[in-house]
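J.: What follows is a structure written as structure tokens; I'll ask about it next.
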Amino acid sequence: MDGKKLFDYQLNEEVNLYVLLKGADVRTSKTGKQYLALVFADKSGEVPAKYWDASAEDVARFQVGTVVHVTGRKESYQGSPQIKIDKMYVASDQEPNNPALYVQAAPESSQTMAQEINEYLAEIKNPVWKIIVTKLLHDNGKAYMQAPAAKVNHHAFMGGLAYHSLSILRLAKQVADLYPHLNRDLLYAGAILHDLGKVIELSGPVGTSYTLAGNLIGHIVLVDEKIVAVCQDLSDQYPDLDFSLTSQNMLLLRHMVLAHHGQLEYGSPVRPQVMEAEVLHHLDDLDASIQMMQGKLDQTATGEFSDRIFGLDSRAFFKPENKA
């Protein structure tokens, strides 16, 4: 063992390391044989691999969330790295088998992010939106701060959901400063809540997978359901405020969440029809795209093209020399 991580190895170099199984899907080859499509992960990133001729015992043994020791070679397949496995076994208790050792995390601590998100929340003056956001953050705070924002694409690491939401809040502040006619309260509330359904849609940061609710319903509808449910409770607690689902406040807030993917084919049941909803959609897309590009470019040598990025139409991006 040389202490290297996945992205410390160069192409065609022999690998010998412990990794987390972040993905382990059972598939069938063209010849009818069963194999495992794996995703190896550590704090440096993720690399796919295939475990050929997998037996029923192999399928039971190599589960998502398991730490394994692997030897083999780092190769390139269709322009992206992959690990060709020679040998692989499940790490024992006498080896570094704690999954937390291999999980990527947000570049800022959960405490720091939570404090800043609460500062943005404090700026919301609309009492209905402020109470709803406060309640939902209180009820889902721990999961909200730990959850990834996606399984594989953008912010797919521990704390990714909070970091993504905070990044959008920071962008929203700059945009609202430049365009003061925007409703800052609505933009902030939408930024905090837009992806909160990920705490239900995804299983968590270790061996992230889609839950049954995530597969059948999806995070957009799941967070809308949370908003509706909490409003029914808040109506009794705050009789002087209007939490009715037909009120303009409620319709605007729900529209921010429901429209944030921008297009029907991307999962939003409606397209943005309020200026703040359109802005949120673009800020969401901008932050996700930058994070995907930066993640790949961090693993790319200067003067080379990155691996292709599936979430950006499988394009590769060039990393120029930075003379700044």
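Numbering (my numbering) for the sequence shown: 3 to 326. By construction, the Cβ of each residue, glycine as well, lies at the ideal position given by its N, Cα and C atoms.
Identify the continuous alpha helix (DSSP H) that holds PRO129 and give its terminal residues.
T.: Counting along the chain, the alpha helix (DSSP H) containing PRO129 begins and ends at 129 to 148.
J.: Quick check on GLN106: buried or exposed, where buried means 16 or more other Cβ atoms within 10 Å of its Cβ?
T.: Counting other Cβ atoms within 10 Å of its Cβ, GLN106 reaches 16 or more and is therefore classed as buried.
J.: Alpha carbons only, please: which of ASP27, PHE9 and TYR20 is nearest the one belonging to SER211?
T.: Here the closest residue by C-alpha is ASP27.
J.: Using C-beta distances below 7 Å, list every residue in its chain close to GLU16, excluding the 5 sequence neighbours before and after it, in chain order.
T.: ARG75
J.: Decide if ASP309 is buried, meaning its Cβ has at least 16 other Cβ atoms within 10 Å, or exposed.
T.: If you draw a 10 Å sphere on the C-beta of ASP309, you find 16 or more other C-beta atoms in it, and that means buried.
J.: Throw me the rounded Cβ distance for the LEU198 and VAL225 pair, which I believe falls under 8 Å.
T.: Approximately 5 Å separates the beta-carbon atoms of LEU198 and VAL225; this is inside 8 Å, confirming the contact.
J.: Of all the options GLY34, LYS35, VAL41 and LEU189, which has the alpha carbon lying nearest to the alpha carbon of SER167?
T.: For the residues GLY34, LYS35, VAL41 and LEU189, the minimum Cα distance to SER167 belongs to LEU189.
J.: Where do the N-terminal and C-terminal ends of the alpha helix (DSSP H) with VAL200 fall, by residue?
T.: The amino acid at residue 200 is misidentified as Val; the sequence shows Lys. First-last of the alpha helix (DSSP H) with LYS200: 200 to 203.
J.: Measuring only the C-alpha atoms, how far is PRO241 from TRP131?
T.: 15 Å
J.: From ASN142, GLY162, HIS157 and ARG172, pick the residue whose C-alpha is nearest to that of LEU285; which is it?
T.: ARG172
J.: Classify GLN117 as helix, strand or coil using the three-state DSSP reduction.
T.: helix
J.: Is SER167 near the ligand MG - that is, is its Cβ less than 6 Å away from at least one heavy atom of it?
T.: Looking at this structure, you won't find the ligand MG or any other ligand, since it has none at all.
J.: Determine the extent of the beta strand (DSSP E) in which ARG75 is found, giving its start and end residues.
T.: 69 to 79
J.: Could you tell me which of ALA62, LEU8, VAL70 and SER57 sits nearest to LEU23, measuring between CA atoms?
T.: Its Cα nearest to that of LEU23, the residue VAL70 stands out among ALA62, LEU8, VAL70 and SER57.
J.: Let's test the definition: count the other Cβ atoms within 10 Å of the Cβ of VAL230 and tell me whether it reaches 16, buried, or not, exposed.
T.: exposed
J.: Taking only the alpha-carbon atoms, compute the straight-line gap between LYS321 and SER82 and give it to the nearest angstrom.
T.: For the pair LYS321 and SER82, the Cα-to-Cα distance works out to about 16 Å.
J.: Under the assumption that ASP289 contacts GLY264 (Cβ atoms under 8 Å), give the Cβ distance between them as a whole number of angstroms.
T.: That pair is no contact at about 14 Å.
J.: Could you check the C-alpha separation between ASN142 and ALA116 for me, to the nearest Å?
T.: About 12 Å.
J.: For SER31 and PRO101, I'd like the C-alpha separation in whole angstroms.
T.: If I take the Cα positions, the gap works out to 29 Å.
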